[in-house]
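Taking this note's numbering, the leading residue of the sequence shown gets 156, the next gets one more, and so forth. Virtual Cβ for every residue (Gly too), placed ideally from N, Cα, C. Below is one structure; the comments refer to it alone.
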Amino acid sequence: MKITKAVIPAAGLGTRFLPVTKSMPKEMLPIIDTPAIHYVVNEAVAAGLDDILIITGRGKRAVEDYFDASPELEMYLKKHHKEDMITLLKETTSLSDVHYIRQKEPKGLPDAIRTAERHVGNEPFAVLLGDDIIHAETPCMKQLIDVSTHFNGSVIAVQDVPREKINRYGSVVATKTPGPFPNDVYKIDHIIEKPKPEEAPSTLAAIGRYVFTPEIFDSIKHTTPGVNNELQIADSINILTQTQSVYAYAFSGRRYDIGDKLGYIQAIIDFALHNDEVKEDVARYLQTLR
Ligand code: UTP
Numbered sequence: 156m157k158i159t160k161a162v163i164p165a166a167g168l169g170t171r172f173l174p175v176t177k178s179m180p181k182e183m184l185p186i187i188d189t190p191a192i193h194y195v196v197n198e199a200v201a202a203g204l205d206d207i208l209i210i211t212g213r214g215k216r217a218v219e220d221y222f223d224a225s226p227e228l229e230m231y232l233k234k235h236h237k238e239d240m241i242t243l244l245k246e247t248t249s250l251s252d253v254h255y256i257r258q259k260e261p262k263g264l265p266d267a268i269r270t271a272e273r274h275v276g277n278e279p280f281a282v283l284l285g286d287d288i289i290h291a292e293t294p295c296m297k298q299l300i301d302v303s304t305h306f307n308g309s310v311i312a313v314q315d316v317p318r319e320k321i322n323r324y325g326s327v328v329a330t331k332t333p334g335p336f337p338n339d340v341y342k343i344d345h346i347i348e349k350p351k352p353e354e355a356p357s358t359l360a361a362i363g364r365y366v367f368t369p370e371i372f373d374s375i376k377h378t379t380p381g382v383n384n385e386l387q388i389a390d391s392i393n394i395l396t397q398t399q400s401v402y403a404y405a406f407s408g409r410r411y412d413i414g415d416k417l418g419y420i421q422a423i424i425d426f427a428l429h430n431d432e433v434k435e436d437v438a439r440y441l442q443t444l445r
């Protein structure tokens, strides 16, 4: 079945980014002049998904406003002959069909995904975390959709991380499985969420991109609080593996965790060094810091 729906959970509290997230969603943190979530929606659209559902919550109005039309601003820009800016603004409203649903309380990622059940229905769907940006030649989500279509099952994106960092991720225990793809595909046995580095069964880390079969909703309903007493999507995936094969794909691309301070700073520097308007000045400036 063709995958057309993307779910973008963006209802978390962003406590690692306090105090700014007290009054601003972390998904709206700008990478130069564009909020993180814009890149996430772009990736979904570039992967061929034309029905986008953003999961929001209290204090996330800015996300909805961002993808909405802004007639007053457009009128002002027209009056001041700033047509190029109007084109830029129109891009944010014409990206795709964007819908919103609110997660009543931030009870964890599985609960955020569960709120999408009615919208998604009985089809496979994509999940892109609103605070993960992935720079890739072929959109990461497109890579996952290709793998999912081939195996007719759920697929999660994984990357190998240094052992000392695996405690921030789900450590994926999986066996390589053959497939006509440029990178490694694995069949997942189970995932251990945020293990101590010395106890992690693998350094294959689950990151914020997934294609799920609709059976994930049942698995979520059977998920109980796990690490940090929070609902963990790794536990829902472990339940799903008991009834169907779930795959992992070592995608090509560079991932930035915008919800983490260092990840955010790295994204800004890398994007600035690729931005035609500022790249030369930024490179020159960075040289002076040596
Ligand atoms: P994180 O765990 O990174 O986000 O969730 P958080 O809880 O907002 O951040 P910290 O750890 O307190 O700083 C990953 C993604 O899942 C969404 C978040 O918005 C983020 O995009 N999420 C998380 C929800 O939508 N609802 C939740 O209840 C939790």
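Not a single heavy atom of the ligand UTP lies less than 7 Å from the C-beta of D390. Per the coordinates, the alpha-carbon of S249 lies some 12 Å from the alpha-carbon of S225. Contact between the region 158-166 and the region 272-289 is established, with three or more Cβ pairs separated by less than 8 Å. The Cβ-Cβ distance between S391 and S374 falls below 8 Å. For F172, the shortest separation between its Cβ and any heavy atom of the ligand UTP lies below 7 Å.
Per the coordinates, the alpha-carbon of L386 lies some 48 Å from the alpha-carbon of K233. Unbroken alpha helix (DSSP H) runs of no fewer than 4 residues, entirely contained in the region 263-316, are found at 264-269, 272-275, 295-306, following chain order. Here the alpha carbons of H235 and D266 stand approximately 46 Å from one another.
Taking one beta carbon from each stretch, the region 178-189 and the region 296-304 have fewer than 3 pairs nearer than 8 Å; the two do not touch. Take the alpha-carbon of G214 and the one of Y221: they are about 14 Å apart. Judged by DSSP secondary structure, I394 falls within the alpha helix (DSSP H) whose first and last residues are 388-395. For a cut-off of 8 Å, the C-beta gap from Y255 to T211 is around 5 Å, short enough to register as a contact.
In this structure, DSSP gives L428 a state outside helix and strand, which the three-state scheme calls coil. A straight-line Cα-Cα distance of about 6 Å links I241 and E229.
Take P356, set aside five residues on each side of it, and the residues of its chain with a beta-carbon closer than 8 Å to its own are S326, V328, I347, P350, in chain order. The distance from the Cβ of I187 to that of A427 is about 6 Å, consistent with a contact at the 8 Å cut-off.
Take the alpha-carbon of N307 and the one of K434: they are about 42 Å apart.
At a cut-off of 4 residues, the continuous stretches assigned as alpha helix (DSSP H) that sit fully inside the region 325-380 are 371-376.
When the five nearest sequence neighbours on each side are left out, the beta carbons in the same chain lying within less than 8 Å of the beta carbon of D315 are those of T358, L359, A360, A405, in order along the chain.
Excluding residues up to 5 positions away in sequence, V328, A329, T330, T396 lie with their Cβ nearer than 8 Å to the Cβ of D344 in the same chain. Excluding sequence positions up to five before and after G381, its CB lies within less than 8 Å of the CB of E348, Q387, A389, D390, all in the same chain and listed in chain order.
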